[in-house]
Amino acid sequence: MNVYIYDDYLNKSRYTKALNRMEIRLTDLGLSGKIIRLSTIKNIRGSIQNEIKLGAKNIVAVGNNQTINKIIGAIIDTDVYGDFQKNTLLGIIPIGDDNTIANSFGIKNEEDACNILLARRVEKIDIGLIGKHYFLNQATIESSGTKVEIDKYSLEVEERGEVKIINLLSDPQEEIKSNPHDGLLDIYIKTRKKDETYLTADKIKISNLKHKLLIDGVVEIETPVEIGIMKNKLNTIVGRDRVFE
Amino acid sequence: MFSKDGKLEKFKDAETIIGASVKVKGNFQGQGNIIVEGTLEGSLKTKANLFVGDKAKVVANIEVHDAIINGMVSGNIKTRGCLSIGSSAKIMGDIQCAEISIDKGASINGQLLMTSDEDKKIVKEEKKETAK
């Protein structure tokens, strides 16, 4: 059974056409399933976990990065994770803005997403972990005043710019390599002076007294925090044009 | 390893790049090629190669395979293979290497110890094995 989780912002009239197009395409492809609207339920985690226990084949996030974040939060490190790992795949149908995770998976739009669901190309990918938050793409923070501690050394940046802790890239134009299967986080620092720093680690501590860390462009948290990675933790349906191997 | 312009041939394959605006403190240990354009204080070790840019400041003992030094290094440098010192390099520390080249204008304050022919053979054998 397919379970489609509709984010609450999709209630707005400007998304009606896109949703209709998507639903017609899913019906045409024989991929209809149960729809759960996040706007109508209070216990998001409970509802998603219940569907996994009932044997859902695909849990599909219909929405944006935030929708995916909510679903991952309901799956990983819970008692349903074993069932999910064994039987269920995570799919994505991007609608609206903030869809960098879908872009990483090679999913361009809602119609493309339906075809990708049908093809069921499966990848096990790593997940980044920051405290109780999970991320698929990356966490970012202003570089000025940021200290990154790794194993027996630390990095300090004075110039303004951005520090990215990357699990998988959202932009195929980026020159750096990122592999969401290697169990490593890529640390990429680019300052306004255009100088670049690149290294990898499996565990880091990051701190900045003035600025917050932004997780997958969705959640902002205070630092210092420890960032780790869980290898091959999530079974996902990806497109042929995904930005990773 | 070295190209005509003195940069690492496998620049894009560098495992670690330390940019000019970044300061690294502590014991840095890697497996792959390292490029330092910024500041590093502590120690630096890798089984592969090191490139130190002309604006870089390294206050550390270095232990690598091959190295190109164009910036300032305060500390001892030990390479199992070739050490190439550029014209803008300033080195304050002892050097131990199997092969060396020094460009006009470079400044070195320290002792130089060339490793024995026996050691060179080991390095060449290592290279052959790598090539295989």
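Same order as they appear, the protein sequences are chains A and B. Reading the first sequence from the start, the letters are residues 1 to 245 in my numbering. Reading the second sequence from the start, the letters are residues 246 to 377 in my numbering. All C-beta atoms, glycine included, are put in the ideal place defined by N, C-alpha and C.
{"Asked": "Should A351(B) and G338(B) be called a contact, given that it needs their Cβ atoms to be closer than 8 Å?", "Found": "no"}
{"Asked": "In the DSSP assignment, the beta strand (DSSP E) including D247(A) goes from what residue to what residue?", "Found": "For chain A, the structure presents residues 1 to 245; residue 247(A) sits outside this window and is missing."}
{"Asked": "Determine the chain A residues that contact E282(B) at a beta-carbon separation under 8 Å, and present them in chain order.", "Found": "D195"}
{"Asked": "For G183(A) and E226(A), I'd like the C-alpha separation in whole angstroms.", "Found": "16 Å"}
{"Asked": "From the DSSP output, in three-state form, read off I76(A) for me.", "Found": "coil"}
{"Asked": "Give a yes or no on whether the minimum CB-CB distance between T191(A) and chain B is below 8 Å.", "Found": "yes"}
{"Asked": "Counting pairs of beta carbons, one from the region 45-53 of chain A and one from the region 12-23 of chain A, are three or more of them closer than 8 Å?", "Found": "no"}
{"Asked": "So which residues of chain A does N272(B) contact, with C-beta pairs closer than 7 Å?", "Found": "K152 and Y153"}
{"Asked": "Below 8 Å on the Cβ atoms is my contact criterion, and I expect I125(A) with N208(A) to pass it. Report the Cβ-Cβ distance as a whole number of Å.", "Found": "28 Å between Cβ atoms; not a contact."}
{"Asked": "If you reduce the DSSP assignment to three classes, tell me which class Q138(A) lands in.", "Found": "strand"}
{"Asked": "Does E220(A) come within less than 8 Å of chain B when only Cβ atoms are used?", "Found": "no"}
{"Asked": "To the nearest angstrom, how far is the alpha carbon of E308(B) from that of G287(B)?", "Found": "12 Å"}
{"Asked": "Counting beta carbon pairs with one atom in the region 153-160 of chain A and one in the region 266-286 of chain B, are three or more of them shorter than 8 Å?", "Found": "yes"}
{"Asked": "In chain B, what lies closer than 9 Å to E111(A) by C-beta?", "Found": "Those do not exist, as E111(A) stays about 36 Å from chain B at its closest Cβ, beyond 9 Å."}
{"Asked": "If you scan the region 338-362 of chain B from start to end, which runs of the beta strand (DSSP E) of 3 or more residues do you find wholly inside it?", "Found": "340-342, 344-347, 352-354 and 357-359"}
{"Asked": "Going by DSSP, name the residue or residues bridged to R37(A).", "Found": "Y6(A)"}
{"Asked": "Taking DSSP as the reference, what is the three-state secondary structure of A102(A)?", "Found": "helix"}
{"Asked": "Does the distance from the CB of T261(B) to the CB of G275(B) come in under 8 Å?", "Found": "yes"}
{"Asked": "Taking the beta strand (DSSP E) that D290(A) falls in, what are its first and last residues?", "Found": "Here chain A covers residues 1 to 245 and nothing more, so residue 290(A) does not appear."}
{"Asked": "If we ignore side chains and look at the alpha-carbon of each, how far apart do G63(A) and A113(A) end up?", "Found": "12 Å"}
{"Asked": "Taking 8 Å as the CB-CB limit, is E156(A) close to chain B?", "Found": "yes"}
{"Asked": "Measuring CA to CA, which of K177(A), E110(A), L38(A) and G131(A) is closest to M22(A)?", "Found": "E110(A)"}
{"Asked": "Rounded to the nearest angstrom, what separates I340(B) and G271(B) at their Cα positions?", "Found": "21 Å"}
{"Asked": "In the structure shown, what three-state DSSP assignment does L199(A) receive?", "Found": "strand"}
{"Asked": "For I221(A) and F84(A), what's the separation of their Cα atoms in angstroms?", "Found": "28 Å"}
{"Asked": "Tell me the rounded alpha-carbon separation between G355(B) and Q66(A).", "Found": "58 Å"}
{"Asked": "Give a yes or no on contact between the region 92-110 of chain A and the region 131-138 of chain A, applying the rule of three or more CB pairs nearer than 8 Å.", "Found": "yes"}
{"Asked": "Under the three-state reduction of DSSP, which class applies to F247(B): helix, strand or coil?", "Found": "Any reading at F247(B) must be qualified, since the residue scores a pLDDT of 49, below 50, and its modelled position is unreliable; no value is offered."}
{"Asked": "Pull up the DSSP beta-bridge partners for I314(B), would you.", "Found": "V297(B) and I330(B)"}
{"Asked": "Along the chain, which unbroken stretches of the beta strand (DSSP E) at least 3 residues long are found entirely within the region 41-96 of chain A?", "Found": "58-63 and 89-94"}
{"Asked": "Cβ atoms of I59(A) and V3(A): under 8 Å apart, would you say?", "Found": "yes"}
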